[in-house]
Every structure is written in structure tokens, then in C-alpha cells.
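In the UniProt record's numbering, the protein residues as written are 1 to 399. The next block holds one structure in the form of C-alpha cells; read it before the comments.
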Amino acid sequence: MKIADQVTSAFQVNERGYYGPYGGAFIPEMLYPNVEELRENYLTIMADPSFQAEFEYLLRDYVGRPTPLYLAERLSEVYNTKIYLKREDLCHTGAHKVNNTIGQILLAKRLGKNKIVAETGAGQHGVATATVCALMGIECIVYMGEIDIERQAPNVARMKMLGAEVRPATSGSRTLKDATNEAMRHWINNPVDTHYIIGSVVGPHPYPDMVARFQSVISEEIRNQLAEKTGSELPDYVIACVGGGSNAAGAFYHFLNDASVKLVAAEAAGMGVESGHSAATTFLGKPGVLHGSRSILMQTEDGQVVEPFSISAGLDYPGIGPMHANLATSGRGIFKAITDEEALASGFQLAKLEGIIPALESAHALACLKTLNASPDEVVVVNLSGRGDKDLATYMKYL
Numbered sequence: 001m002k003i004a005d006q007v008t009s010a011f012q013v014n015e016r017g018y019y020g021p022y023g024g025a026f027i028p029e030m031l032y033p034n035v036e037e038l039r040e041n042y043l044t045i046m047a048d049p050s051f052q053a054e055f056e057y058l059l060r061d062y063v064g065r066p067t068p069l070y071l072a073e074r075l076s077e078v079y080n081t082k083i084y085l086k087r088e089d090l091c092h093t094g095a096h097k098v099n100n101t102i103g104q105i106l107l108a109k110r111l112g113k114n115k116i117v118a119e120t121g122a123g124q125h126g127v128a129t130a131t132v133c134a135l136m137g138i139e140c141i142v143y144m145g146e147i148d149i150e151r152q153a154p155n156v157a158r159m160k161m162l163g164a165e166v167r168p169a170t171s172g173s174r175t176l177k178d179a180t181n182e183a184m185r186h187w188i189n190n191p192v193d194t195h196y197i198i199g200s201v202v203g204p205h206p207y208p209d210m211v212a213r214f215q216s217v218i219s220e221e222i223r224n225q226l227a228e229k230t231g232s233e234l235p236d237y238v239i240a241c242v243g244g245g246s247n248a249a250g251a252f253y254h255f256l257n258d259a260s261v262k263l264v265a266a267e268a269a270g271m272g273v274e275s276g277h278s279a280a281t282t283f284l285g286k287p288g289v290l291h292g293s294r295s296i297l298m299q300t301e302d303g304q305v306v307e308p309f310s311i312s313a314g315l316d317y318p319g320i321g322p323m324h325a326n327l328a329t330s331g332r333g334i335f336k337a338i339t340d341e342e343a344l345a346s347g348f349q350l351a352k353l354e355g356i357i358p359a360l361e362s363a364h365a366l367a368c369l370k371t372l373n374a375s376p377d378e379v380v381v382v383n384l385s386g387r388g389d390k391d392l393a394t395y396m397k398y399l
């Protein structure tokens, strides 16, 4: 495994930090030195052999990579095709988030930062950040929406046990968007000694590119594992859920230039795209600026952000990363809106057929299976981004 090399593609970031018309760095003047320091150094640091060696060592021996690529035979029988599950739920801390967290903390140390601030929605990014900060002996503050603190209580307890301070975001919808706002304010007020770990492919350049590179280990492993299992490293479909979109960016990364591979992104439609309680950004949004980059976001006619809604805290975000915005509008990506009800049904289905309880985020990706009409000979990879322990309280309401 290795961090993805810099490549040129219509679907990857250009030298100005844009994916097609989306991306850039729209930041307040006080944040400019922090972001510029990161932009000027991240590729050089990531290319350093000693950095890559430490990153690879921790992914292997601490996280437990490579994660398995599992042929789900009973699920395949139901959908009459070959379905493989990329088991990111088996990563240490229970989700793909730790790949990026390890990378960014190693990078922060090389930049001389000794404090970490982060935001989290479902809590998986917060737990991953608190975990690696504990491992490295670094002070950690995690902002989390007040509502998410309530519905993701187990992950809040984990963060506190790991030594992190969890600060509630009490403004707006009191979810991920507001936690991100608070974390950015904290970073602006503590520019010298603090690094802000964004957990998804959102935010000002270079965050979307940096996070995608750290998560690209997922698609690199899929290619290698598929070659061993099927004789071809190219599947017909790769499916992943998208809030901000970090697990999807990692799952798609090494297939972006392979036109035969259909990239399917599952967005959270909540109670329905037109219900007024949805987070299906590419269906409801339009171009705008949120959290430092130009992308697609849900907004009113006068540009005010529309509060998102999803049963899944990790997908409860009004925007989408600029990489995914470009995939959606260019047609390279196939975006599907999955309701809460459909996601729950798919979560229960996987549990009963394969003995795996998926995170509600991953359940949205699984719900795309019924829409594919894939043939028996086609190969479908679903990125199982996280495990469902954290969502048991929600699942139990529907047992």
C-alpha cells in the first residue's frame, strides 16, 4: 500500500485546487497562513520515504490493513450478481476514517503542530482522531453537534475515554455542519500550534485532495484483491455512500480513469428527496461556497444553507465534496438518492444474510444494489465504510 502519486486527470484536482469548476480555497484572511502552509508542504511531506514508511507501518500494524475484500455469497444470490464487500468496518476504530487521521496527524507533527482540533458527525472521525492523538500523545479537541452527541452516545464515550475533549456545537441544526463551523473558528483562533483535521473531502484546498490521497489506499487494495480473486483488477461497479464523501473518494480514486468501471454514489434522501427532510445534495443543491470550497450545496434562493436531514449522522451534511460535485455534473459518477427506509431495510438485510451489521452510512450504499440490474457475470464492489455498533440504538427502534 502507498499514498497515491500525483496524477493528472479530468476528475482529479488541478494545480489550482479545482476539480472542474469546483474546489478552491475560500477562506477568511486570518486562516490564510494556516491553509497556505499546508498547501505548500503537503505533497512534499507525503512523498517523503520516511513519511510513507511510517504511514504504511501504522496502517498495517495498528489499523489492520489490508482490510478483506469479501465475496458475499448469500447477498449475491439475492441480487443475481457477484457482490464483494470492502470491509473498512474491520479497521481499528470501526471505520475508514482512521486512514486519513493517521496521515494528517503524521503530517501535522512534521509541520510542528502539537494540538489537534476536529469535527465529527457520526462520531467515527472523532473516535479515529482521538485514538491516534492518544497514540501520539497529542492534545485533542473534537466539536460535535448537540443532536449528534445525543444520537451517537457510544462514540462520545469512546472519545472521552481516549482522552479527547468533546465540545458541543449548539447553533443551527446542531449537527455536522455546525460542528465544522465551530472547529474552523477554533483553528482561526489558534493558528500557530494547532492542526485542523477535516474528516472528509470537503474544505479549502488542499484538504479534499489530501484526504482523498490518504483514503485512496481503499481502491488500491480493491484492485490488487480483485486481481487475485477474479483475474481482473477492474470491477463493473464500485458503490459507496456520500455525505462529504471521504470513503467514496477513497473507493473511487484508482478507478477514476477507468471508464468501464461505473462509480455509484449513494446520497441520503432522508424521508424523500422532495419531503423537505433530505440530504440529497446533488438532487436538491446548486453551486455555492461552503466551508471553504466551491461545490454543490443545498441552499435557499438567497443563498442560505438549507438544514439537511438523514437518519445517518455521517450523511447529515448540506453539501458534497468538490471532487464528487465534479463527478456528478460531468456524468462520471452515478448518484442515487436513498431514503431512510431503504437504508434501514438494506442494513437489516445484510445482517440477516451475511452476519454483518453495517453502519447506517454503509446501509445507504447497500440500498443501491436493488437499482443496478447487474448481470450474473458482473462484479460489484460495495465499500462497507463502517460498522453498525454505533447505530444500534437507531436500528433497535425498527426491530
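Ideal placement from N, C-alpha and C gives every residue a C-beta, glycine not left out. Here the structure is a predicted model, which means the values were calculated and not measured.
- Contact between residue 199 and residue 118 holds, since their C-beta atoms are separated by about 6 Å, short of 8 Å.
- The C-beta distance from residue 140 to residue 103 rounds to 16 Å, too long to fall under 8 Å, and the pair is not in contact.
- By the beta-carbon neighbour count (other beta carbons within 10 angstroms, threshold 16), residue 170 is exposed.
- Listed in chain order, the beta strand (DSSP E) runs fully inside the segment 222–255 are 237–241, counting runs of at least 3 residues.
- Between residue 93 and residue 128, the C-beta spacing is below 7 Å.
- Taking 8 Å as the upper bound for CB-CB distance, residue 114 and residue 193 are in contact here, some 6 Å apart.
- Taken in chain order, the whole alpha helix (DSSP H) runs of length 4 or more contained in the segment 132–166 are 146–151, 153–161.
- With contacts defined by Cβ atoms closer than 7 Å, residue 383 and residue 189 do not form a contacting pair.
- The way I'd put it, the segment 228–235 doesn't touch the segment 336–355; fewer than three beta-carbon pairs between them come closer than 8 Å.
- Note on residue 80: under 16 other CB atoms within 10 angstroms of its CB, so exposed under the neighbour-count rule.
- Here residue 360 carries a helix assignment [DSSP, helix/strand/coil].
- In this structure, the alpha-carbon of residue 305 lies about 12 Å from that of residue 287.
- Here residue 372 is not near residue 346, since their CB atoms are 7 Å or more apart.
- Within the DSSP secondary-structure output, residue 305 pairs in a beta bridge with 299.
- Less than 7 Å separates the beta-carbon of residue 218 from that of residue 250.
- The bridge partners DSSP lists for residue 293 are 290.
- Ranked by Cα distance from residue 271, the first of 344, 256, 261, 204 is 344.
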